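Chemist: Numbering (our numbering), first residue to last: 971 to 1399.
Pasting a structure below so you can have a look.
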Ligand code: ADP
Ligand code: MG
């Protein structure tokens, strides 16, 4: 979708820039300020190559002045690179005319900036309609619909000065979306917002991601960055590091599944707010992702007040037995059949590992056993798990007495299984 090839962007050094008009439209014609001489130029971007897949959500982080906004402006056709190629949806926009740039921008790109860039004397709906006008034709009904989608249907006639920061940001989002862009560029979209509005904006971004749009988002906030599929870090106009989040998230999802399984074993309902699973994402966000993946579903809390049974999960110390709480309307989470299958196999790996360390390796430190089992549950392949299970004689319970979900190997040993399992559980009890 977005392919950046060996892109360099030079700006004239500070003293030269300060004498040029602010916001000058000729920013890109660096050569005429003598930016070919290395000393005289600021290397805002220095031979950057980067690919963003269709539908991917990329976070860009890095210290101030590292080139993040420059890159976003280049992708957004607000500016042209000094050298290199920028392919958007199969078209190299690095060398096209200013008119062409405007057209590509209007058709493909939606911007969400930290500074809202709303026209102060136009109402919310007029600001949105202005974007329509630049693209094609204005349609007030459609513009109001876009405002309604971001929760501002009743604020359409307000001027920006009559709106809070969060509301102004949402007007920008409605404006960014009005032309149904394939690419959303967000430069510190939550930088100026309070927690509540930040959450609204992030939810909207997640929605766009689910709709299959490609998102490039600059942020200083590591938690916000984690919402993306991948993060790149800029330093001095170069990519300093990259991180793909899917793998780390997977481990946290496993932990959540494990916890849900154990709660169900104890006949407890899983309230999102009561769950404490360590990992990069706040539990509520992890759970939302897992809902999208079809691993869990959410349901309203049963209306009746109830006490939680205080219990300790010996297999998973992250499960904190909280004092009794009442049904206060928080959401509860349940495993889907797919989630149950994945949870069952994590629990199986964990408890078999505990058995292995206790019985066969005669480890006696409970902490050590738990730490090792927690690592093993993420890395054991299905084959290795079945081998350990067979080696241990298909044990039925973990050393704490919690049941081990049977695997394919247990079923295979069919006729014998009942006898073997019975035997081994007698041995272990
Ligand atoms: P970031 O968004 O990471 O804070 P920018 O991309 O805005 O960084 O800036 C990268 C570098 O380019 C900085 O040193 C900045 O001063 C410089 N720069 C940005 N825009 C211009 C410009 N229009 N003219 C001259 N220098 C600029
Ligand atoms: Mg910036």
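C-beta: ideal position from N, C-alpha, C; glycine also.
Because the structure is a prediction, the values reported are computed rather than measured.
Can you give me the C-alpha to C-alpha distance between residue 1376 and residue 1173, rounded to a whole angstrom?
Modeler: If you take the alpha carbons of residue 1376 and residue 1173, they lie about 39 Å apart.
Chemist: So the beta strand (DSSP E) residue 1157 belongs to, where does it begin and stop?
Modeler: Looking at the DSSP string, the run of the beta strand (DSSP E) that includes residue 1157 is 1153-1157.
Chemist: How many whole angstroms separate the CB atoms of residue 979 and residue 1051, which I take to be in contact at a CB cut-off of 8 Å?
Modeler: Residue 979 to residue 1051, Cβ: 5 Å. Contact.
Chemist: Pull the bridge partners of residue 979 from the DSSP assignment, please.
Modeler: DSSP, once it has assigned bridges, lists 1015 as partnering residue 979.
Chemist: Might you give, ordered along the chain, the residues of its own chain that have their beta carbon closer than 6 Å to the beta carbon of residue 1243, omitting 5 neighbours on each side?
Modeler: The answer, listed in chain order, is 1300.
Chemist: So, helix, strand or coil for residue 1208, using DSSP?
Modeler: If DSSP states are grouped into helix, strand and coil, residue 1208 belongs with the strands.
Chemist: With DSSP as the reference, label residue 1400 as helix, strand or coil.
Modeler: Given a span of 971 to 1399 for the chain in the structure shown, any question on residue 1400 remains unanswerable.
Chemist: Among 1272, 1199 and 1113, which residue has its Cα nearest to the Cα of residue 1028?
Modeler: Measuring from the Cα of residue 1028, the nearest candidate turns out to be 1199.
Chemist: Using only the alpha-carbon positions, how far apart do residue 1068 and residue 1264 sit?
Modeler: About 45 Å.
Chemist: Does DSSP put residue 1000 in a helix, a strand or coil?
Modeler: Per-residue confidence for residue 1000 stands at a pLDDT of 40, beneath the threshold of 50, marking its modelled position as unreliable; no derived number is given.
Chemist: Looking at C-beta atoms only, is the number of pairs between the region 1172-1188 and the region 1032-1046 that lie closer than 8 Å three or more?
Modeler: Flag = yes, the region 1172-1188 and the region 1032-1046 touch.
Chemist: How big is the Cα-Cα spacing for residue 1074 and residue 1262?
Modeler: Approximately 32 Å between the Cα atoms of the pair.
Chemist: Could you have a look at residue 994 and say whether DSSP puts it in helix, strand or coil?
Modeler: Residue placement at residue 994 is poorly supported in this model, since its pLDDT is 41, which falls under 50; the coordinates still yield a value, given next. Residue 994 falls in the coil class under three-state DSSP.
Chemist: On the premise that residue 1318 lies in contact with residue 1360, defined as a C-beta separation below 8 Å, what is that separation, rounded to the nearest angstrom?
Modeler: Residue 1360 to residue 1318, Cβ: 13 Å. No contact.
Chemist: Name the DSSP beta bridge partners of residue 1031, please?
Modeler: Note: residue 1031 sits in a beta bridge opposite 1203.
Chemist: Just to confirm my understanding: we take residue 1204, look at its own chain, exclude 5 residues before and 5 after, and list those with CB closer than 6 Å. What are they?
Modeler: The residues are 1032, 1036, 1037 and 1038.
Chemist: Taking the alpha-carbon positions, what's the residue 1254 to residue 1278 distance?
Modeler: The straight-line gap from Cα to Cα measures roughly 20 Å.
Chemist: Residue 1197: which of 1206, 1208 and 1178 sits nearest, CA to CA?
Modeler: When only C-alpha atoms are compared, the closest one is 1178.
Chemist: Tell me the rounded alpha-carbon separation between residue 1105 and residue 1153.
Modeler: Near 15 Å, if we compare the C-alpha coordinates of residue 1153 and residue 1105.
Chemist: Can you list the alpha helix (DSSP H) stretches of 4 or more residues lying completely in the region 1037-1100, in chain order?
Modeler: Taking only runs of at least 4 residues, the alpha helix (DSSP H) segments lying wholly in the region 1037-1100 are 1038-1045 and 1068-1078.
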